[in-house]
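Reviewing the structure listed below.
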Amino acid sequence: MDEESLLLSLELASGSGQGLSPDRRASLLTSLMLVKRDYRFDRVLFWGRILGLVADYYIAQGLSEDQLAPRKTLYSLNCMEWSLLPPATEEMEMQTSVVKGRFVGDPSHEYEHTELQKVNEGEKVFEEEVVVQIKEETRLVSIIDQIDKAVAVIPRGALFKTPFGPIRVNRTFEGLSSSEAKKLSSYFHFREPVELKNKTLLEKADLDPSLDFMDSLEHDIPKGSWSIQMERGNTLVVLRSLLWPGLTFYHAPRTKNYGYIYVGTGEKNIDLPFML
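One point on numbering: in this note's numbering, the residue at position 174 of the sequence shown is 174, and numbering is uninterrupted.
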């Protein structure tokens, strides 16, 4: 959710019980403005909160003028002091995939994992147990990246692709119609497309290249991984992810108000295919 409309966004998303205390809201409003200025971001989004056993991580992301360029991610434990996280890598994801359970809430905390590694001694090959230490900050980077790729959402038309390539905010976007807002096909993954590249020319024939340049939610696997509901007397559409519980997207049809927030433990619902 955009820091410029943070209070309204938090109010619209509050139906999922994902509000913040008044002092946290006040701290966020001030500190995110300073983050935007100091890092020279085009936009700053309040991404959400990952719940820890000792403390919670408040997450913000900075976007450049090209909206699909790699985002800079920052975290805070008090909504005032922000630390920049390193970019996510495949190595980080593989390394942290063995860590299970809740976050502690301490970036310097180290998880210990025992794994078997092959050791060569001359012509003999032995397997020995090696204790690998994984920092919680590394796990935080990996989980945020996974959630972004899987369930960050944006409505169709909110961004447009310029003839020269960069993705810009569509200043003329006035919201989806009430009928379109009820369809999963009206919402896209807020990331570089993956499935779109595999479509045939015939499948792309009806797409508008300036608007339909991201992957639609309607093709997500497993089917049924999104809950879509109308709230507040049909004046608000709310999408909730069942794959990453805690992710809520909202959009008020015929207005520019939309956004998403994640408030959860940072744990994926790996049992979802068996629950549908």
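Note that beta-carbon positions come from the ideal geometry of N, C-alpha and C, so glycine has one too. Computed from a predicted structure; not experimentally measured.
Count the other C-beta atoms from every protein chain shown that fall within 10 angstroms of the C-beta of residue i, then say buried if there are 16 or more, exposed otherwise.
i: Phe-188; result: buried
i: Thr-114; result: exposed
i: His-251; result: buried
i: Pro-107; result: buried
i: Gly-224; result: exposed
i: Ala-88; result: buried
i: Pro-155; result: buried
i: Ala-69; result: exposed
i: Arg-71; result: buried
i: Thr-172; result: exposed
i: Val-44; result: buried
i: Ser-210; result: exposed
i: Tyr-75; result: buried
i: Leu-116; result: exposed
i: Leu-207; result: exposed
i: Leu-201; result: exposed
i: Val-151; result: buried
i: Gln-229; result: exposed
Answer yes or no: do residue i and residue j have a C-beta to C-beta separation smaller than 8 angstroms?
i: Val-237; j: Asp-215; result: no
i: Leu-196; j: Leu-243; result: no
i: Glu-174; j: Arg-254; result: yes
i: Gly-101; j: Tyr-57; result: no
i: Val-153; j: Leu-63; result: no
i: Ile-167; j: Leu-176; result: no
i: Gly-264; j: Gly-246; result: yes
i: Trp-82; j: Ser-31; result: yes
i: Leu-85; j: Thr-96; result: no
i: Glu-112; j: Val-130; result: no
i: Ser-142; j: Glu-65; result: no
i: Ala-13; j: Ile-270; result: no
i: Phe-103; j: Gly-52; result: yes
i: Leu-29; j: Leu-10; result: no
i: Asp-2; j: Gly-259; result: yes
i: Val-98; j: Ala-60; result: no
Shortest alpha-carbon distance to residue i belongs to which of the options?
i: Trp-47; options: Glu-112, Glu-110, Thr-96, Ile-144; result: Ile-144
i: Gly-266; options: Asp-206, Ser-21, Asp-148, Thr-89; result: Asp-148
i: Glu-110; options: Ala-88, Pro-86, Leu-140, Thr-89; result: Leu-140
i: Asn-78; options: Val-54, Arg-71, Val-99, Gln-95; result: Val-54
i: Lys-256; options: Asn-170, Val-99, His-219; result: Asn-170
i: His-219; options: Glu-231, Ser-210, Lys-199; result: Lys-199
i: Ser-179; options: Glu-90, Phe-249, Thr-235, Ala-150; result: Thr-235
i: Phe-274; options: Trp-226, Pro-222, Lys-36; result: Pro-222
i: Leu-217; options: Pro-209, Met-230, Gln-229, Ser-241; result: Ser-241
i: Met-80; options: Gln-146, Met-33, Ala-150; result: Met-33
i: Arg-24; options: Met-230, Asp-2, Arg-49; result: Arg-49
i: Glu-91; options: Ile-228, Gln-146, Lys-118; result: Gln-146
Report task. Return the chain-ordered ranges of every beta strand (DSSP E) run that is complete within the region 153-217 and spans a minimum of 3 residues. Result -> 153-155, 159-161, 167-169, 187-189
Fully enclosed by the region 107-148, which alpha helix (DSSP H) runs are 4 residues long or longer? none
### Query
Are the region 119-135 and the region 157-170 touching, with three or more C-beta to C-beta distances below 8 angstroms?
no
Does the region 136-148 touch the region 172-183, meaning 3 or more C-beta pairs lie closer than 8 angstroms?
no
inquiry  = Quick check for students: name the residue ranges of the beta strand (DSSP E) that lie wholly in the region 240-273, counting only runs of 3 or more.
reply    = 247-251, 258-264
(Q) Please give the ranges of any beta strand (DSSP E) in the region 45-115, keeping only runs that are unbroken, at least 3 residues long and fully inside the region. (A) 57-63, 72-76
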